[in-house]
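In our numbering, the protein residues as written are 734 to 1169.
Heads up, the beta-carbon is just placed ideally off N, CA and C, and yes, glycines get one too.
Just so it is clear, the structure is predicted and the values come from calculations on it, not from any experiment.
In what follows, a single structure is set out as structure tokens and then discussed.
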Ligand SMILES: NC(=O)c1ccc[n+]([C@@H]2O[C@H](COP(=O)([O-])OP(=O)(O)OC[C@H]3O[C@@H](n4cnc5c(N)ncnc54)[C@H](O)[C@@H]3O)[C@@H](O)[C@H]2O)c1
């Protein structure tokens, strides 16, 4: 099939490349010329394991085209996927749909003939209806089918998630369209992916409901971890003991820092705002948002305590700053709150991240980037394990770091508790007793 992805970010680039790998011809369009130039040089603008190879393979097979030429891309395609960002509006919970609506107007400005327009971006209930209104105003209703096909891939696992999804959700008010979408996804359906069809609004809500539920699960276990810290219980035993129950399931039951990333914070807020519009009070999700926001403050207070309330001039080394491993995405990462706070308090903060230096910290006084784990940690008073990359797991602190007074604060419970006792490291983790 001939496809066009509008927006070549984490979702548009990965799904576009994977669609091309299934044999489709895919135009990837972006407003950001530097992204398109990089891609045409064979350089991926994002870090995602396995993506570079897949881009190169499909680019040289001429199935994958990167362009800023919207007209050429749209007129050459039958199905157009909207993959632009849907951030929260500044200082509110509601979703900024301006990128979506702008891209729709641009598409109808250059389009020819009949097209299926698919919202892959995460959009609030009723956005498809709003898009239809825009198209109706331009007297072009008969040319377009507007459907919803939310994306569930996770950064860091995105290619695997695209190829082996738990489910593919398609929402359309015109049932005839399901056949075309089923054909597009048939290579994945044949391998066992569930193809689930519903109304357009239903699909829009499934995406928000899924993310809000996962955020709730994480927040629930994070709050339990607070209780475990006070009662000398290991949260990992609680997660395991609960997770064996198939009604509960073990995934997303790992205690850690506040959830971050490009989806959970904005989608929990987006769902609350959408419900508020219909005068429905989603109290559970509202308290999840509050609890998560408080959690970052809790971490900074804990650091204060670990350093005996003497942060000034202490050397604090962060291992990883992205919101999770195997991605370079910094959006809503807890490090964005923690590092500026510590710098303001007079600490000397250094960080190492496998995806490199971050522009987000470039203006901070007292914050430096180190090129490897050893240089980052060698003089530290406190190491904060922020993101659980594999290379941090195997690092031998006792052998490589001379500082015998080293303290580690492990926000991901990455290190084995018994091992830390054996190594006599002052070790603080989440929902487990302190070792000091
Ligand atoms: N990142 C994820 O893991 C993930 C997972 C599932 C769903 N989503 C959803 O997918 C959507 C996109 O997320 P993302 O993380 O890929 O965003 P992103 O910011 O990485 O990418 C969006 C891209 O769209 C481009 N763009 C904006 N307006 C444009 C226009 N009119 N024409 C062409 N290009 C335009 C931007 O330049 C940018 O490159 C969001 O709604 C998000 O909630 C994201």
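Using a threshold of 8 Å, is the CB atom of residue 1076 nearer than that to any non-hydrogen atom of ligand 1? Translated into the one-based positions of the chain shown, residue 1076 becomes position 343. Annotation for residue 1076 indicates a beta carbon at 8 Å or more from all heavy atoms of ligand 1.
Whether residue 798 touches residue 761 by CB criterion (9 Å): Against the chain shown, residue 798 aligns to sequence position 65. Against the chain shown, residue 761 aligns to sequence position 28. Yes, Cβ-Cβ distance for residue 798 and residue 761 is below 9 Å.
C-alpha gap between residue 1161 and residue 1034, whole angstroms: Walking along the chain shown from the start, residue 1161 turns up at place 428. Walking along the chain shown from the start, residue 1034 turns up at place 301. So the alpha carbons of these two residues sit roughly 13 Å apart.
Leaving out five residues before and five after residue 1147 in sequence, what residues of the same chain have Cβ atoms less than 6 Å from its Cβ? Locating residue 1147 in the chain shown gives position 414, counting from the first residue. Closer than 6 Å at Cβ, skipping near neighbours: 1118, 1121, 1126.
Strand pairing of residue 1083, partner residues [DSSP]: Start at 1 with the first residue of the chain shown, and residue 1083 comes out as number 350. In the DSSP assignment, residue 1083 forms a beta bridge with 1050, 1101.
Say the cut is 8 Å; is the CB of residue 935 nearer than that to a heavy atom of ligand 1? The residue you call residue 935 lines up with position 202 of the chain shown. A distance criterion of 8 Å places the beta-carbon of residue 935 beyond contact range of ligand 1, judged by its closest non-hydrogen atom.
Would the beta-carbon of residue 891 be found less than 8 Å away from any heavy atom of ligand 1? Residue mapping note: residue 891 aligns to position 158 of the chain shown, counting from 1. True, at least one ligand heavy atom lies under 8 Å from that Cβ.
So what does residue 1143 bridge to, in DSSP terms? Residue mapping note: residue 1143 aligns to position 410 of the chain shown, counting from 1. The partner list for residue 1143 (beta bridge, DSSP) reads 1118.
Taking the runs of the beta strand (DSSP E) that are 3 residues or longer, which of them lie wholly in the region 873-942? Fully contained in the region 873-942 are the following beta strand (DSSP E) runs of length 3 or more, in chain order: 877-881, 900-904, 927-931.
For residue 1153, the three-state DSSP class (helix, strand or coil): Counting from one through the chain shown, the residue named residue 1153 turns up at place 420. Residue state, collapsed to three classes: helix.
State buried or exposed for residue 940, treating a residue as buried only when at least 16 other CB atoms are found within 10 Å of its CB. Looking up residue 940 in the chain shown gives position 207. Buried, since its Cβ has 16 or more Cβ neighbours within 10 Å.
Kindly examine ligand 1 and report whether one of its heavy atoms sits closer than 8 Å to the Cβ of residue 1000. For the purposes of this step, residue 1000 is taken as residue 267 along the chain shown, with counting starting at 1. The answer is yes for residue 1000.
Could you name the residues that DSSP lists as bridge partners for residue 852? Locating residue 852 in the chain shown gives position 119, counting from the first residue. Partner(s): 815, 881.
Could you give the distance in angstroms between the alpha-carbon of residue 852 and the alpha-carbon of residue 786? For the purposes of this step, residue 852 is taken as the residue at position 119 of the chain shown. For the purposes of this step, residue 786 is taken as the residue at position 53 of the chain shown. C-alpha separation (whole angstroms): 27 Å.
Whether or not the region 901-911 and the region 928-938 are in contact is what I'm after, with contact meaning three or more pairs of Cβ atoms, one per stretch, closer than 8 Å; do they touch? A contact between stretches requires three or more CB pairs, one per stretch, nearer than 8 Å, and the region 928-938 meets this requirement with the region 901-911.
Is residue 952 a contact residue of ligand 1, with contact defined as CB to any heavy atom under 8 Å? If you number the chain shown from 1, residue 952 lands on position 219. No; taking the cut-off as 8 Å, the Cβ of residue 952 has no heavy atom of ligand 1 nearer than that.
Does residue 774 come out as helix, strand or coil in the three-state DSSP assignment? Taking the first residue of the chain shown as position 1, residue 774 is located at position 41. Three-state result, residue 774: coil.
Could you name the residues that DSSP lists as bridge partners for residue 1159? Within the chain shown, residue 1159 is the residue found at index 426, counting from 1. Within the DSSP secondary-structure output, residue 1159 pairs in a beta bridge with 1140.
Measuring alpha carbon to alpha carbon, tell me which residue in 778, 769, 996 is nearest residue 1061. Here residue 1061 refers to the residue found at position 328 when the chain shown is read from its first residue. Measuring from the Cα of residue 1061, the nearest candidate turns out to be 778.
Since residue 762 is in the beta strand (DSSP E), which residue starts that stretch and which ends it? Here residue 762 is taken as the residue at index 29 of the chain shown, counted from 1. It spans 758-762 - the beta strand (DSSP E) in which residue 762 sits, taken as one unbroken run.
Can we count residue 742 as close to ligand 1, meaning its CB is less than 8 Å from some heavy atom? Numbered from 1 along the chain shown, position 9 holds the residue referred to as residue 742. Distance from the C-beta of residue 742 to the nearest heavy atom of ligand 1 is below 8 Å.
Expressed to the nearest angstrom, what Euclidean distance is found between the alpha-carbon atoms of residue 838 and residue 1133? Taking the first residue of the chain shown as position 1, residue 838 is located at position 105. Taking the first residue of the chain shown as position 1, residue 1133 is located at position 400. The C-alpha of residue 838 lies about 57 Å from the C-alpha of residue 1133.
Touch check for the region 810-825 and the region 851-868: three-plus C-beta pairs under 8 Å? Short answer: they touch.
If you draw a straight line from the C-alpha of residue 1094 to the C-alpha of residue 917, how long is it? Position 361 of the chain shown, counted from the start, is the residue given in the question as residue 1094. Position 184 of the chain shown, counted from the start, is the residue given in the question as residue 917. Between the C-alpha atoms of residue 1094 and residue 917 there is a straight-line separation of about 42 Å.
Delimiting residues of the beta strand (DSSP E) encompassing residue 799: Reading the chain shown from its first residue, position 66 is the one you call residue 799. Judged by DSSP secondary structure, residue 799 falls within the beta strand (DSSP E) whose first and last residues are 797-800.
Which of the three DSSP states, helix, strand or coil, is assigned to residue 971? As a first step, residue 971 must be located in the chain shown, where it is residue number 238. Secondary structure at residue 971: helix, using DSSP grouped into helix, strand and coil.
Could you tell me whether any non-hydrogen atom of ligand 1 is closer than 8 Å to the CB of residue 832? Working through the chain shown from its first residue, we reach residue 832 at position 99. Because some heavy atom of ligand 1 lies under 8 Å away, the Cβ of residue 832 counts as near it: yes.
For residue 858, which three-state DSSP category applies? What you label residue 858 is simply residue 125 of the chain shown in a count that begins at 1. The DSSP-derived three-state label of residue 858 is coil.
When you compare only the Cα positions, how much space is there between residue 987 and residue 858? Numbered from 1 along the chain shown, position 254 holds the residue referred to as residue 987. Numbered from 1 along the chain shown, position 125 holds the residue referred to as residue 858. Computed Cα separation, rounded: 30 Å.
So what does DSSP say about residue 737, is it helix, strand or coil? As a working note, residue 737 is residue 4 in the chain shown. Note: residue 737 maps to strand in three-state DSSP.
I want to know whether the region 944-954 touches the region 991-1001 - three or more CB-CB distances under 8 Å. With the cut-off at 8 Å, the region 944-954 and the region 991-1001 touch.
Expected contact under 8 Å - CB spacing of residue 972 and residue 979 to nearest Å: Here the question's residue 972 lines up with position 239 in the chain shown. Here the question's residue 979 lines up with position 246 in the chain shown. About 15 Å separates the beta carbons of residue 972 and residue 979, which is beyond the 8 Å limit, so they are not a contact pair.
On a Cα-Cα basis, can you pick out the residue from 1013, 1012, 1007, 953 that is closest to residue 1021? Locating residue 1021 in the chain shown gives position 288, counting from the first residue. Nearest C-alpha to residue 1021 among 1013, 1012, 1007, 953: 953.
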